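Chemist:
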Amino acid sequence: MATAQRVFWETAVFLGLVLAIIGAWFLSQNLAARRIQHMTELNQAELAAKQIEVEAQLSVMRSEIEDWSDELVGGEAEAAFRAYAAGIHPMAVARWGRVLGQARDELLKLPKVTFVHLLTPDGRVIASSDQKYTTRGRVDERAQWALDATEFIRRDSPFEGVQELAAPIRERGGRPAVVLWLGYDVDEAKEATRPERL
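Mapped onto this note's numbering, the consecutive letters of the sequence shown carry residue numbers 1322 to 1519.
#1: Output the distance between the C-alpha atoms of Ser-1450 and Gln-1372, rounded to the nearest integer angstrom.
#2: Can you check whether the CB of Ala-1448 is closer than 8 Å to the CB of Trp-1502?
#3: Using the DSSP secondary-structure output, state which residues sit across from Gln-1423 in a beta bridge.
#4: Leu-1352: buried (16+ other C-beta within 10 angstroms of its C-beta) or exposed?
#5: I'd like the list of long-range same chain contacts for Asp-1508, defined as Cβ closer than 7 Å, with 5 residues on each side in sequence excluded.
#6: For Gly-1344, which three-state DSSP category applies?
#7: With a Cβ-Cβ cutoff of 8 Å, do Gly-1504 and Phe-1436 count as a contact?
#8: Can you give the beta carbon distance from Ile-1409 to Ile-1474, rounded, assuming they're within the 8 Å contact cut?
#9: Closest to Thr-1441 by C-alpha separation, out of Leu-1431, Gln-1378, Ala-1464 and Gln-1423, would be which residue?
#10: Ordered along the chain, which non-local residues of its own chain (more than five positions away) have a Cβ less than 7 Å from that of Ala-1478?
#11: From the DSSP output, in three-state form, read off Asn-1388 for me.
#12: Where Ala-1323 and Val-1334 are concerned, what is the direct C-alpha to C-alpha distance, given to the nearest angstrom?
#13: Just grab the DSSP bridge partners of Leu-1431 for me.
#14: So which of Lys-1433, Val-1460, Arg-1496 and Gly-1344 has the shortest CA-CA distance to Arg-1445?
#15: Return the bridge partner residues of Glu-1485 from the DSSP annotation.
#16: In terms of residues, what are the limits of the alpha helix (DSSP H) holding Ala-1448?
#17: Cutting at 6 Å between CB atoms, please list the residues of its own chain near Lys-1433, excluding the five before and the five after it.
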């Protein structure tokens, strides 16, 4: 009987050890799974935070690119305006109205130029791309800002994506002889220069 009792206890201890080993193994697996889940959650949180940070940086970069694009297009519009204005001599305006009309037509061939008006300081039309101004012989109140210009100025047009530029062209004595008022499609200019990946 002592042998049977001893075998019983040895078997019980053995089974207890096996169960303890199996329990420890399951516990370690459970702890490892929890640790992996915790690390995954941390990694996902870090990735989400990183993604938010990268998206914020991209947004800032896009904004800076857009600002830079605005400056480039504004410079392009001003260069076209000033090049045309440089070719107009105030003394020739009275005698060369037809030539100025031809020059206006050439300027309108530039794809981004939407309108051109050459005016006297009191608002009479010398040459215009707008038939209603040409027919009337005078501009309306929308042109007043251009007539009031004492130097080169620009503004956003009521027409979306268009910038208006104006400046007086002066006689030798400094008195304004002609006012140039031009529309430039800045949206078209931006699209023409924007890389495809942006």
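All C-beta atoms in this analysis are idealised placements derived from N, C-alpha and C, irrespective of residue type, glycine included.
Source: prediction; values computed, not measured.
Modeler: Straight from the coordinates:
#1: About 51 Å.
#2: Going by beta carbons, Trp-1502 and Ala-1448 fall outside the 8 Å limit.
#3: Bridge partners of Gln-1423 according to DSSP: none are assigned.
#4: Exposed: under 16 other Cβ atoms inside 10 Å.
#5: Take Asp-1508, set aside five residues on each side of it, and the residues of its chain with a beta-carbon closer than 7 Å to its own are Gly-1482, in chain order.
#6: Residue state, collapsed to three classes: helix.
#7: Taking 8 Å as the Cβ cut-off, Gly-1504 and Phe-1436 qualify as a contacting pair.
#8: Contact doesn't hold; Cβ gap of about 17 Å is too wide.
#9: Considering only alpha carbons, the answer is Ala-1464.
#10: It should be noted that the sequence gives Ser, not Ala, for residue 1478. Contacts found: Gln-1484, Glu-1485 and Gly-1504.
#11: The sequence given here places Asp at residue 1388; Asn does not occur at that position. In the structure shown, Asp-1388 sits in a helix (DSSP, three-state: H, G or I).
#12: Cα atoms of Ala-1323 and Val-1334: separation of roughly 16 Å, rounded to the nearest angstrom.
#13: Residue pairing for Leu-1431: DSSP places it in no beta bridge.
#14: Of the candidates Lys-1433, Val-1460, Arg-1496 and Gly-1344, the residue whose Cα lies closest to the Cα of Arg-1445 is Val-1460.
#15: Paired residues: Arg-1476 and Gly-1504.
#16: First-last for Ala-1448: 1446-1449, but that is the beta strand (DSSP E), not the alpha helix (DSSP H).
#17: Exclusion of the five residues before and after Lys-1433 leaves Tyr-1505, Asp-1506, Glu-1509 and Ala-1510 as the residues of its chain whose Cβ lies within less than 6 Å of its Cβ.
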